[in-house]
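This report refers to the structure that appears directly beneath it.
Number of protein chains: 2
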Amino acid sequence: MALRHYTLDFSLSTAVDAASTVPGLLSIFHEQELTETVHDTDGHGYLATFVGKNGRLVVLRVHSRGLITIDLQCYDEDNIAQLDNLLNALEEKLRALLKDNITRVKRLPVLTRGANVDRYWPTTDGRLVEYDFDQVLYEEDSAYQNIKIFHSPQFGNILVLNGDINLAESDLPYTQAIMGSGKENYTGKEVLILGGGDGGILAELVKQKPKMVVMVEIDQKVMDGCRMYMRKTCGDTLDTLEGDCYQILVEDCVPVLRKYVQEGRMFDYVINDLTAVPISTEPEEESTWEFLRLILDLSIKVLRPTGKYFTQGNGVCVKEALSLYEEQLGKLCCPVDFSKEEVCVPSYLELWVFYTIWKK
Amino acid sequence: MALRHYTLDFSLSTAVDAASTVPGLLSIFHEQELTETVHDTDGHGYLATFVGKNGRLVVLRVHSRGLITIDLQCYDEDNIAQLDNLLNALEEKLRALLKDNITRVKRLPVLTRGANVDRYWPTTDGRLVEYDFDQVLYEEDSAYQNIKIFHSPQFGNILVLNGDINLAESDLPYTQAIMGSGKENYTGKEVLILGGGDGGILAELVKQKPKMVVMVEIDQKVMDGCRMYMRKTCGDTLDTLEGDCYQILVEDCVPVLRKYVQEGRMFDYVINDLTAVPISTEPEEESTWEFLRLILDLSIKVLRPTGKYFTQGNGVCVKEALSLYEEQLGKLCCPVDFSKEEVCVPSYLELWVFYTIWKK
């Protein structure tokens with residue numbers, strides 16, 4: 001079952017009282033057999049609830065400062081055309097009653113609450129966006145995270161980890177950006193991918209015939225899901241852990257990095273595609289920032305002097321988080337410089353910042 | 001004034017009755033001095049409203065089939081931290097009461113209703129998206145349409161015509177797509193732009209030194225707004241109606257096209273950047289489709305045999321509208337072929353279809 005929640009709001013240039021609007025609406029509610037309860041708001045405008053058949057509920061508020069709000073809730077198997085008519089009748093009547101006093105009439109797209117497929121996945125700065133997801137293809141709770149793959153008619157299949165939109169099949173621009181936006185030549189190079197369980201970076205890298213790519217992904221279940229449902233992204237790279245020019249280690253990247261540092265193993269590129277909120281088998285670091293700095297420090301240590309470190313940052317709207325990240329870059333063991341780029345990743349519905357970092 | 005509307009929803013694997021949940025919540029409501037009214041739903045679950053000080057309202061519903069919904073409304077000048085605490089307390093209590101029965105807990109980002117700057121501009125297929133708009137820079141009602149220019153921290157300034165997102169300063173990908181995605185050479189060519197009042201296409205075209213561009217835009221007020229607030233898009237092209245290699249006619253394009261057909265004037269490219277819903281001084285055609293076909297027919301007539309006609313189509317999600325458009329292409333006086341491309345325009349928050357049309 002799902003609850004459909006409609007809204008209809010009138011913004012007014014001057015406040016109106018309930019006496020001039022509510023009586024004109026009552027006949028519409030009564031026609032629909034809605035039972036009225038008027039509530040005492042202690043001077044904060046008129047507030048009435050109307051309860052009808054089939055679980056219908058309407059909340060009508062004439063606020064004291066130039067705003068009228070109507071909420072209508074019904075079940076998804078209700079007679080939707082009838083409820084549209086009810087809303088249309090209310091809108092028409094209020095337009096007639098309020099005329100030139102109206103500055104805006106707003107009916108939001110219906111909110112669907114409790115639906116099988118959850119379509120609301122907010123942006124990094126907490127704005128509401130509704131995706132077109134129509135199916136859950138894969139859902140697993142691994143030892144590390146909740147993994148979902150949805151189908152989107154426009155973006156293709158899309159990976160969501162712990163509620164964060166990770167990557168859709170439409171999102172080659174993400175993979176291109178985190179590989180340096182086409183300005184790098186990976187042929188014959190040694191590359192380390194941290195995370196990257198969707199296989200997108202790996203699939204693009206192997207096309208360029210690198211000498212060797214090592215990908216360190218902690219979560220086998222992410223790769224299992226992507227191998228099945230994100231093949232437009234990963235191709236056949238996740239079908240085996242050992243390819244011609246790549247190797248996938250299903251491990252926490254921190255001990256692997258520590259081992260490489262100890263062995264003196266170096267890479268031409270390190271591509272950090274870890275989730276924004278760290279996942280690790282390591283003892284908890286003091287904070288997320290400490291953990292990010294640990295990863296950065298170790299990565300820079302395994303980077304050849306001319307090497308480059310690429311990573312995704314965050315949504316351009318969360319300026320504070322971006323600043324804090326850039327602050328960390330000034331605190332590394334080895335001094336670094338960085339550049340950043342704003343990129344439009346189709347399924348993200350917000351612009352995204354990508355970083356390039358290199359040794360000074 | 002604006003109303004903040006919070007939601008908190010619990011999806012359950014099996015239905016619960018109110019007796020097992022509601023009593024555990026009442027102390028939380030009473031602490032906040034909220035006055036309870038229980039409504040008769042005629043067998044459709046438990047429904048209670050709670051009215052508090054400062055115009056606060058809570059609606060609690062324990063639906064009969066595995067869903068609990070909570071709505072909380074308050075004014076934007078209310079003590080938001082206190083209301084967050086109320087929601088947190090309700091969520092915590094319900095998590096404790098319902099435990100393993102819970103399949104999803106969802107708190108949507110707060111809906112802001114009646115705010116000065118309207119941030120909700122739905123997609124073509126009617127999905128709810130909240131933009132980051134923080135300011136209205138320009139608002140005019142011209143003879144043809146309502147014109148707004150908002151400021152968006154991430155997309156730059158953005159033109160909205162009659163409630164449709166038209167173009168943001170971030171949207172060079174739109175302009176590039178409607179100019180043929182970089183595959184055309186406009187140097188020395190004659191180009192006709194229909195609409196295009198934001199100046200984006202004109203500004204990109206003149207960089208390529210065409211022989212002559214004629215732009216026919218009906219609405220001076222759109223150009224006035226864009227000249228002031230969309231300069232990253234239009235550059236200085238809208239500062240004058242006559243440039244070195246361009247001319248802007250502030251006219252309805254239909255009579256202009258008719259005149260060109262009569263005179264036998266031809267163009268290498270026609271770029272149709274008219275709004276999706278037609279605006280014209282012509283007598284109303286039978287339907288939108290008739291009007292679109294009229295424009296297409298006239299445009300194809302002024303196109304050189306090797307010429308190309310570019311236009312934006314619609315959101316990829318509105319498949320029916322796209323099919324109907326393509327159907328029109330089979331009904332033109334002069335037979336045409338077409339190709340289409342899906343493009344990610346940053347501020348659209350949905351993928352968009354662009355068409356290239358040419359004479360068979």
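As they're listed, the protein sequences go chains Y and W. To convert, note that position 178 of the first sequence is 178 in the UniProt record's numbering; the numbers rise steadily by one, no gaps. To convert, note that position 331 of the second sequence is 331 in the UniProt record's numbering; the numbers rise steadily by one, no gaps. Glycine included, C-beta positions come from ideal geometry on N, C-alpha and C.
When DSSP assignments are scanned along the region 164 to 220 of chain W, the uninterrupted stretches of alpha helix (DSSP H) that are 4 or more residues long and fall wholly within it turn out to be 172 to 178 and 200 to 206. By the Cβ neighbour-count rule, Ser-152(Y) is buried, with 16 or more other Cβ atoms within 10 Å of its own.
For Leu-83(W), there are no neighbours in chain Y by C-beta distance under 8 angstroms, as the nearest C-beta there is about 15 angstroms away. In terms of Cβ geometry, Cys-334(W) and Ile-357(W) do not form a close pair [threshold 7 angstroms]. Taking a 10 Å sphere around the C-beta of Pro-305(Y), we find fewer than 16 other C-beta atoms and assign the residue as exposed. Taking 7 angstroms as the CB threshold, Asp-9(Y) lines the interface with chain W. Think of a sphere of 8 angstroms around the beta carbon of Arg-65(Y): the chain W residues whose beta carbon falls inside it are Met-1, in chain order. Residue state for Glu-33(Y) is assigned as coil, using DSSP reduced to three classes. A check of alpha carbon separations from Gln-208(Y) across Val-191(Y), Asp-198(Y), Cys-344(Y) and Gly-195(Y) identifies Val-191(Y) as the nearest.
Distances from the CA of Asp-40(W) to each of Asp-337(Y), Val-336(Y), Asn-54(Y) and Ile-68(Y) were compared; the closest alpha carbon is that of Asn-54(Y). For Asn-54(Y), there is no enclosing beta strand (DSSP E), as DSSP marks it with neither H nor E. Only residues of its own chain outside the window of five on either side were considered, and among them Ala-48 and Thr-49 have a CB closer than 7 angstroms to the CB of Thr-37(W), listed in chain order.
Residues of chain W with a Cβ closer than 9 angstroms to the Cβ of Thr-237(Y) do not exist; the shortest Cβ-Cβ separation is about 24 angstroms.
For a Cβ distance threshold of 9 angstroms, nothing in chain Y lies close to Asn-157(W): the least Cβ distance comes to about 15 angstroms.
Bridge pairing for Glu-342(Y): Val-353(Y) [DSSP]. In the three-state reduction of the DSSP assignment, Trp-289(Y) falls in the helix class, which pools H, G and I.
Rounded to the nearest whole angstrom, the C-alpha separation of Lys-259(Y) and Leu-303(Y) is 14 angstroms. The residues Gly-199, Cys-234, Leu-238 and Asp-239, in chain order, have a CB closer than 8 angstroms to that of Arg-227(Y) in the same chain once the five nearest residues on each side in sequence are set aside.
The region 117 to 137 of chain W makes contact with the region 100 to 117 of chain Y, as at least three CB pairs between them are under 8 angstroms.
Around the C-beta of Lys-308(W), 16 or more other C-beta atoms lie within 10 Å, and the residue is accordingly described as buried. Distances from the alpha-carbon of Ile-271(W) to those of Glu-184(W), Leu-25(W), Tyr-6(W) and Leu-12(W) put Glu-184(W) closest.
The Cβ of Asp-132(Y) sits closer than 7 angstroms to at least one Cβ of chain W. In this structure, the alpha-carbon of Gly-156(Y) lies about 17 angstroms from that of Met-223(Y). Close to chain Y, meaning a Cβ-Cβ distance shorter than 7 angstroms, are the following residues of the region 337 to 356 of chain W: Cys-344, Pro-346, Leu-349, Glu-350 and Leu-351.
The alpha helix (DSSP H) runs of length 4 or more contained entirely in the region 230 to 260 of chain W are, from start to end of the chain, 231 to 234.
Within the same chain, and ignoring the five residues on either side of Ala-321(W) in sequence, the residues whose Cβ sits closer than 6 angstroms to its Cβ are Asn-314. Between the region 21 to 32 of chain W and the region 348 to 357 of chain Y, the count of Cβ pairs shorter than 8 angstroms is below three; the stretches do not touch. Of the candidates Asp-252(Y), Ser-287(Y) and Asp-236(Y), Asp-252(Y) places its Cα closest to the Cα of Gln-220(Y). At a cut-off of 7 angstroms between C-beta atoms, His-39(Y) counts as an interface residue with respect to chain W. Using a 10 angstroms sphere on the CB of Lys-189(Y), the tally of other CB atoms reaches 16 or more, which defines it as buried.
Per DSSP, Asn-79(Y) is not a residue of any beta strand (DSSP E), being assigned neither H nor E. Chain W has no Cβ within less than 7 angstroms of the Cβ of His-30(Y). Secondary structure at Ser-142(W): coil, using DSSP grouped into helix, strand and coil. In the three-state reduction of the DSSP assignment, Ser-323(W) falls in the helix class. Under the Cβ distance rule, Gly-55(W) counts among the residues neighbouring chain Y, one pair being separated by less than 7 angstroms. The continuous beta strand (DSSP E) containing Leu-111(W) extends over residues 111 to 113.
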